[in-house]
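Asks:
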Amino acid sequence: MEGRRRVRMEGRGPLHDGLAEVRARLQEYAERGVFRGLAERPARRGRHEFTFRWLAPSPFTLSYDSASGTLAFRDLLPNVPARSSLAGALRRFVRGRTAVELPPHRRVDPERADVRCFVRRSALSLEVVAREHHHGYGVNRAVNLVHEIFMHLHTYFPEYMWENFDAPQE
25 MEGRRRVRME
35 GRGPLHDGLA
45 EVRARLQEYA
55 ERGVFRGLAE
65 RPARRGRHEF
75 TFRWLAPSPF
85 TLSYDSASGT
95 LAFRDLLPNV
105 PARSSLAGAL
115 RRFVRGRTAV
125 ELPPHRRVDP
135 ERADVRCFVR
145 RSALSLEVVA
155 REHHHGYGVN
165 RAVNLVHEIF
175 MHLHTYFPEY
185 MWENFDAPQE
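So, in structure tokens, the structure goes:
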């Protein structure tokens, strides 16, 4: 057995604990009325997908990879060209969420999770990679960060919100 790695099967051990924590945190948001219609799709290739309605007319999808602790909102924001000023501003905003100057409830603690965003095919995606035993924290940070991104867009890029999310023009 020397040199062999033990492979944990899903349903036991840390992988299952992380998934249970992610499910519980998302369910808490649903029970508080933050999300509507929370549903989980069957896992594919180790990724669990949760869909829910929240800040926009169309549903959000949060994928969770229990092996890596990655929580991802793929294609979160449509129509964001990779080299646009909007993409640059959002990258800076997301990077800035780890700044020690931010209050703890708004900050992503680098000791507990990493955060990044990227653009592919003109759609911005957001990833929070939670460290071991911090997957519940990762859910909280991912949800709060998406909310902060939407508030940032409403304030600094209202035209984007009008055109892509049918936001009121008030």
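The sequence shown lines up with residues 25 to 194 when you count with our numbering. No residue lacks a Cβ here, since even glycine has one placed at the ideal position from N, Cα and C.
Can you check whether the CB of L100 is closer than 7 Å to the CB of L148?
Replies: When the beta-carbon positions are compared, L148 and L100 come within less than 7 Å of each other.
Asks: If I measure Cβ to Cβ from E189 and keep anything under 7 Å in the same chain, skipping five residues before and after, which residues do I get?
Replies: A quick correction: the sequence has Phe, not Glu, at residue 189. So the qualifying residues of the chain are A80.
Asks: By the three-class DSSP mapping on this structure, what secondary structure does S149 have?
Replies: S149: strand per DSSP, three-state reduction.
Asks: In the DSSP assignment, what are the bridge partners of G88?
Replies: According to the sequence displayed, residue 88 carries Tyr and not Gly. Answer by DSSP bridge pairing, in chain order: H72, L95.
Asks: If I measure Cβ to Cβ from N103 and keep anything under 7 Å in the same chain, skipping five residues before and after, which residues do I get?
Replies: Closer than 7 Å at the Cβ level, and outside the excluded window around N103, lie S146, N188.
Asks: Measuring CB to CB, does V152 end up less than 7 Å from L95?
Replies: yes
Asks: Assuming the contact rule is C-beta atoms closer than 8 Å, H159 and G42 should be a hit. Round their C-beta distance to whole Å, please.
Replies: 4 Å
Asks: Let me confirm a value: S90 is counted as buried when at least 16 other C-beta atoms fall within 10 Å, else exposed. Which label applies?
Replies: buried
Asks: Let me confirm a value: A63 is counted as buried when at least 16 other C-beta atoms fall within 10 Å, else exposed. Which label applies?
Replies: That one is exposed.
Asks: Going straight from the alpha carbon of P68 to that of R47, what length do you get?
Replies: Correcting the residue type first, residue 68 is Arg in the shown sequence and not Pro. Approximately 16 Å between the Cα atoms of the pair.
Asks: Could you please give me the residues that DSSP links to L101 through a beta bridge?
Replies: L148
Asks: Please state whether DSSP places F142 in a helix, a strand or coil.
Replies: Looking at F142 - three-state DSSP - the assignment turns out to be strand.
Asks: CB-CB under 6 Å to S87, same chain, minus the five flanking residues each way: which ones, in chain order?
Replies: Excluding sequence neighbours, S87 sits near R71, E73, A96.
Asks: Who are the near neighbours of T75 in its chain, counting only those whose CB is closer than 6 Å to its CB and skipping five residues on each side?
Replies: A63, P83, T85
Asks: Starting from L79, trace the alpha helix (DSSP H) in both directions and tell me its first and last residue.
Replies: That residue, L79, is in no alpha helix (DSSP H); it is neither H nor E in DSSP.
Asks: Select from E183, G93, A191 the residue whose C-alpha is nearest the C-alpha of L110.
Replies: Taking only the C-alpha atoms, the option nearest L110 is E183.
Asks: What is the DSSP secondary structure of L169, reduced to helix, strand or coil?
Replies: helix
Asks: Are there 16 or more other CB atoms within 10 angstroms of the CB of M175, so buried, or fewer, so exposed?
Replies: Result: exposed.
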